[in-house]
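Asks: In the order they appear, the protein sequences are chains A and B. Here our numbering = 1-based position in the first sequence + 59. Here our numbering = 1-based position in the second sequence + 38. Input: one structure, supplied below.
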Amino acid sequence: MMQERNKIDWTALVLVALYSLAALLLVSWDGYLYDAWPHYDVNWFYT
Amino acid sequence: MNGMTPYVDFADSKGPLLWLIYGVGYLLSPHNYLGLFWLSVALYTFIFYYCYKCARLFGLGRWPSLAVVAVVSVFMLSGLAHEEVKAEDYCNALLAPVIYHFLQFTVARHHSERLVMRSALTLGFALGASFLIKYSCTLMMLAWVPWMGWVMPRRCHCSVGRTWLTGIAGALLALAPMVLVLLAQGCLDDFLHEYIGVTFATFGNMAGDSLTVGKAWSILTDWHMLLYLTGLAASIALYGLHVRHGKWQVAAAAVWYLAVTLLNAAGRPYFNTLSTFAWYGTPVLALMLTGVLRHKWTVLPVAAATLAAIFLTVNHVSNITALSLELKVQHYYSHLMTQYDHPRVLYLMTHDRGFGVQSQALPACKYWSLQMGFTQEMIDDQIQAVKQHRADVVFVRDDNEPMLQLLQAEGYHTYDFTDAGLGEKKWHRNLLCSRKPLRDTHLVPHLTTADVALKRTASSFDTFTTP
């Protein structure tokens, strides 16, 4: 097994941060994908 | 913030550390959720970086490890298991270093006293800090105590007593500063009464749709779910084959996680609490991918499959109509509330919908928004706030006749967003009742795509004209 590296891998950290930003934007934006795929029709806002 | 004392002037079932985190979000961006969005990005950067570190422990290089992060993100952010960034997500961040140390011990075989003490300190801190966020998550994290407080020190020939003392020191490190703050505010007793006593009482009052065998079967046989469960089950088997220590703990936790997913999909969202265990998926997924990702050419297809998986599963619980309508109504009601300076808001026998965020509304009374499993004491407090006219703005469901009559008798003016052309009257909805008459009730918000994505303030307000 690979030895543990205590130093921060800055390249990986920056890439992970960019990925987190993209993923959370996607999740925030999910409403706009609604018609792109079969889904359950929920009306949670009203209930 | 705003001169109010927590657990005295306002209360909720969550802990003070979560309020502090949300308070930072409020300071970053007082009129919308953008500050919280950036905090969420920082939170998930932390969580995913630990996923990356975990993957490296399995012997993977940088790029394959990043691909593992992408796959794990499906299990963390998929609509099947995740509604939005909540208290549980912050508890997941506390769990991340704990699982990393667990894998250092089981996978990377770092059997040293230093690791044992560091693990105990990390777990103690996680238990203490999560107690200040949501203590049901703390109860679930206790599952790690036997492993890190007994198995690890015994296998490393360390003192169990010293390990426990280190763990307790970690917990105190998290708890002591907040206790001092609450003492300085003079609300430690109220905190204990509200957070422990009252919240515990609400658990007993909670009621949800019962999960029948037929309902469970239909959820389990949904193809989204079958795909999800098969992938995780296969990964557990692989973990068990490759790792000698700790396989049963991870397998049991993964089964627990599957049960949680099932309950979430069954429409019992308060079981989200248990999604803290989403983290258990990380080691098993990392191991599953170890064999596949050793070849560089496999990284891109895995990343593409991951994005496709997020794309396919986010729609499981989302609804464009509901999302954009909720934001429009939030903006519409908020715009009306700006006619008050820091309006005092009350959600009368209903739950907070964030209508007061843009107008920087403040709680009208202690139980300003109804909690799940509410008690009679909470309802009485709300009714008193209406009778004493302490609430500038009251939100109430359109079918709550007794409360609407009370508000009318107390001279409140009622406004309905459907009268401005938003949404439909056929569904039950929250009405706004104002202590004074409001103007410009015909203006509706115009939201751009970016407004919705970033949950920010409306770009402009349009005049609504009746067709």
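Every residue gets a Cβ at the ideal spot worked out from N, C-alpha and C, and that includes glycine.
#1: What's the gap between the Cα of B/G166 and the Cα of B/W76?
#2: If you reduce the DSSP assignment to three classes, tell me which class B/F393 lands in.
#3: What is the residue span of the beta strand (DSSP E) that B/V383 lies within?
#4: Taking three-plus beta-carbon pairs below 8 Å as touching, is the segment 181-191 of chain B in contact with the segment 217-225 of chain B?
#5: Just grab the DSSP bridge partners of B/S407 for me.
#6: Using 8 Å as the threshold, is the segment 59-76 of chain B in touch with the segment 404-414 of chain B, meaning 3 or more CB pairs across them?
#7: What did DSSP end up calling B/T452 once you bin it into helix, strand or coil?
#8: Given that a residue counts as buried once 16 or more other Cβ atoms are within 10 Å of its Cβ, and exposed if not, what is B/T160?
#9: Helix, strand or coil for B/S111? Go by DSSP, reduced to three states.
#10: Report yes if the C-beta distance between B/Q422 and B/M387 is below 8 Å; otherwise report no.
#11: Can you tell which of B/G449, B/S150, B/P44 and B/L338 has the C-alpha that lies nearest to the C-alpha of B/D228?
#12: Short of 6 Å in beta carbon distance, which residues of its chain neighbour B/A245, apart from the five on each side in sequence? Order them along the chain.
#13: Any idea if B/V236 is buried or exposed, counting beta-carbon neighbours within 10 angstroms, 16 or more meaning buried?
#14: Compare the C-alpha of B/V123 against each of B/L153, B/Y82, B/H466 and B/H195 and name the closest.
#15: Closer than 8 Å is the cut-off here; do at least three beta carbon pairs connect the segment 104-112 of chain B with the segment 147-159 of chain B?
#16: The segment 125-136 of chain B: which residues have C-beta closer than 7 Å to a C-beta of chain A, in chain order?
#17: On a Cα-Cα basis, can you pick out the residue from B/D418, B/E415, B/L469 and B/L460 that is closest to B/E439?
#18: At 7 Å on the CB atoms, spell out the chain A contacts of B/S78, in chain order.
#19: Does the Cβ-Cβ distance between B/V432 and B/L445 come in under 8 Å?
#20: Counting contacts by CB-CB distance shorter than 8 Å, is B/L104 in contact with chain A?
#21: At a Cβ threshold of 8 Å, is B/L115 touching chain A?
#22: Classify B/N70 as helix, strand or coil using the three-state DSSP reduction.
#23: When the Cβ atoms of the segment 71-84 of chain A are set against those of the segment 83-94 of chain B, are three or more pairs found closer than 8 Å?
#24: Take the Cβ of B/E126 as the centre, count every other Cβ of all protein chains shown within 10 Å, and call the residue buried at 16 or more, exposed below.
#25: Excluding the 5 residues flanking B/S51 on each side, which residues of the same chain have their C-beta closer than 7 Å to its C-beta?
#26: Give me the residue from B/V46, B/L476, B/G61 and B/D457 with the minimum Cα distance to B/C225.
#27: Who are the near neighbours of B/Y138 in its chain, counting only those whose CB is closer than 7 Å to its CB and skipping five residues on each side?
#28: B/V107 touches chain A at which residues, Cβ-Cβ below 7 Å?
#29: Can you check whether the C-beta of B/R100 is within less than 8 Å of a C-beta belonging to chain A?
#30: So, is B/I171 buried or exposed, given that buried needs 16 or more other C-beta atoms within 10 angstroms?
#31: May I have the straight-line CA-CA distance separating B/S472 from B/A49, to the nearest angstrom?
#32: With a threshold of 8 Å between beta carbons, is B/S540 in contact with chain A?
#33: Please report the straight-line C-alpha distance between B/L442 and B/V337, rounded to a whole angstrom.
Replies: Straight from the coordinates:
#1: In this structure, the CA atom of B/G166 is about 25 Å from the CA atom of B/W76.
#2: In the structure shown, the three-state DSSP call for B/F393 is coil.
#3: Secondary structure note for B/V383: its beta strand (DSSP E) is the uninterrupted segment R382 to Y385.
#4: A contact between stretches requires three or more CB pairs, one per stretch, nearer than 8 Å, and the segment 181-191 of chain B fails this requirement with the segment 217-225 of chain B.
#5: Partner(s): B/Y385.
#6: Between the segment 59-76 of chain B and the segment 404-414 of chain B there are fewer than three C-beta pairs closer than 8 Å, too few to call the two in contact.
#7: Looking at B/T452 - three-state DSSP - the assignment turns out to be strand.
#8: With 16 or more other Cβ atoms within 10 Å, it is buried.
#9: DSSP places B/S111 in helix when its eight states are reduced to three.
#10: In this structure, B/M387 does not lie closer than 8 Å to B/Q422 by Cβ.
#11: The residue from B/G449, B/S150, B/P44 and B/L338 with its alpha-carbon nearest to that of B/D228 is B/P44.
#12: For B/A245, the pLDDT reaches just 44, beneath the cut-off of 50, and the residue's location in the model is therefore unreliable, leaving the point undetermined.
#13: With 16 or more neighbouring CB atoms inside 10 Å of its own CB, B/V236 falls in the buried class.
#14: That would be B/Y82, whose Cα lies nearest to the Cα of B/V123.
#15: No: the two stretches stay apart, fewer than three of their Cβ pairs being nearer than 8 Å.
#16: Taking a C-beta cut-off of 7 Å against chain A, none of the residues of the segment 125-136 of chain B qualify.
#17: With distances taken between Cα atoms, B/E439 lies closest to B/L469.
#18: For B/S78, the chain A residues whose Cβ falls inside 7 Å of its Cβ are L83, in order along the chain.
#19: At a Cβ-Cβ threshold of 8 Å, B/V432 and B/L445 count as neighbours.
#20: Yes - at least one Cβ of chain A is within 8 Å of the one on B/L104.
#21: Yes, its Cβ sits closer than 8 Å to a Cβ of chain A.
#22: Looking at B/N70 - three-state DSSP - the assignment turns out to be coil, as it is neither helix nor strand.
#23: Yes, since at least three Cβ pairs between the segment 71-84 of chain A and the segment 83-94 of chain B fall closer than 8 Å, the two stretches touch.
#24: Classification for B/E126: buried.
#25: Contacts found: T237, T240 and Q409.
#26: Nearest of B/V46, B/L476, B/G61 and B/D457 to B/C225, Cα basis: B/V46.
#27: Listed in chain order, the non-local C-beta contacts of B/Y138 below 7 Å within the same chain comprise Y88, K91 and C92, local neighbours out to five positions each way being set aside.
#28: The contacting residues are V75 and Y78.
#29: For B/R100, the nearest CB of chain A lies under 8 Å from its own CB, placing it at the interface with that chain.
#30: Counting C-beta atoms within 10 angstroms of its own C-beta, B/I171 has 16 or more neighbours from the protein chains shown and is therefore classed as buried.
#31: About 23 Å.
#32: The requested residue 540 of chain B is not part of the displayed model; chain B covers only 39 to 505.
#33: Cα to Cα, the separation comes out at about 59 Å.
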